[in-house]
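K.L.:
So for the sequence shown, our numbering puts the first residue at 476; every next one is plus one. Backbone N, C-alpha and C define an ideal beta-carbon position, used for all residues, glycine too. These figures come from a predicted structure and were not determined experimentally. First, the structure itself, so that you have it in front of you.
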Amino acid sequence: MPRILIALAFLALAALPGAADEPRNPGIETTIQSQINAFLKDDFETAFTFASPMIKGMFGSPQRFGQMVRNGYPMVWRPSEVQFLELRKQGPLLLQKVLLRDANGAPHVLEYNMVETENGWQIDGVQILAKPPVGA
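Structure, rendered in structure tokens:
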């Protein structure tokens with residue numbers, strides 16, 4: 476019984492947001508999910524519209540951007556599951572952690588760098604942080 480109480484206490488603490496955590500941002504989540512939806516349709520033109528001006532300048536075209544995502548971020552191109560985790564502020568950026576499961580069901584944690592522009596929230600970069608432990 477004491478082990479169950481300890482486990483429940485840890486679960487309750489894990490559910491609390493950390494000091495640097497921001498409240499959920501529907502605009503950010505919609506931007507990320509919309510880009511993923513475009514990737515699922517191989518609609519790289521639409522997916523490219525969710526990229527920041529810096530990212531657009533780096534890749535130059537939706538086709539080059541799509542090729543980079545297919546080759547370097549297959550879990551973003553074809554996720555089987557998308558789950559939004561914590562959001563935190565770092566300078567002018569908001570960093571949104573996302574758990575993605577790839578086509579084989581393997582989990583990946585990514586961090587999306589988000590910037591607010593006159594066109595709304597845009598994706599300014601994505602880093603693969605880690606694969607969470609089995610059972611996450």
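Among Pro554, Tyr548, Pro498, whose alpha-carbon lies nearest the alpha-carbon of leucine 575?
P.N.:
It is Pro554 whose Cα lies nearest to the Cα of leucine 575.
K.L.:
Please list, in chain order, all residues of the same chain as isoleucine 503 whose beta carbon is under 6 Å from its beta carbon, the five residues on each side excluded.
P.N.:
Excluding residues within five positions, the ones whose Cβ falls inside 6 Å are Gln571, Met589, Trp596.
K.L.:
Here's the rule: buried if 16 or more other CB atoms are within 10 angstroms of the residue's CB, otherwise exposed. What is isoleucine 598?
P.N.:
Buried is the call here.
K.L.:
When the distance is taken between beta carbons, is arginine 545 closer than 8 Å to aspartate 496?
P.N.:
Not closer than 8 Å, so no.
K.L.:
Work out the CA separation of asparagine 579 and glutamine 565 for me, nearest whole Å.
P.N.:
Each residue's alpha carbon lies about 33 Å from the other.
K.L.:
DSSP state of arginine 456, grouped into three classes?
P.N.:
Any answer about residue 456 is impossible in this case: the structure gives the chain only from 476 up to 611.
K.L.:
Alpha helix (DSSP H) containing alanine 605: first to last residue?
P.N.:
Unbroken run through alanine 605 is the beta strand (DSSP E), 595-605; no alpha helix (DSSP H).
K.L.:
Closer than 8 Å by C-beta to aspartate 577: which residues in its own chain qualify, once you throw out the five before and the five after it? Chain order, please.
P.N.:
Here the set comprises Pro549, Met550, Arg553, Pro554, Ser555, His583.
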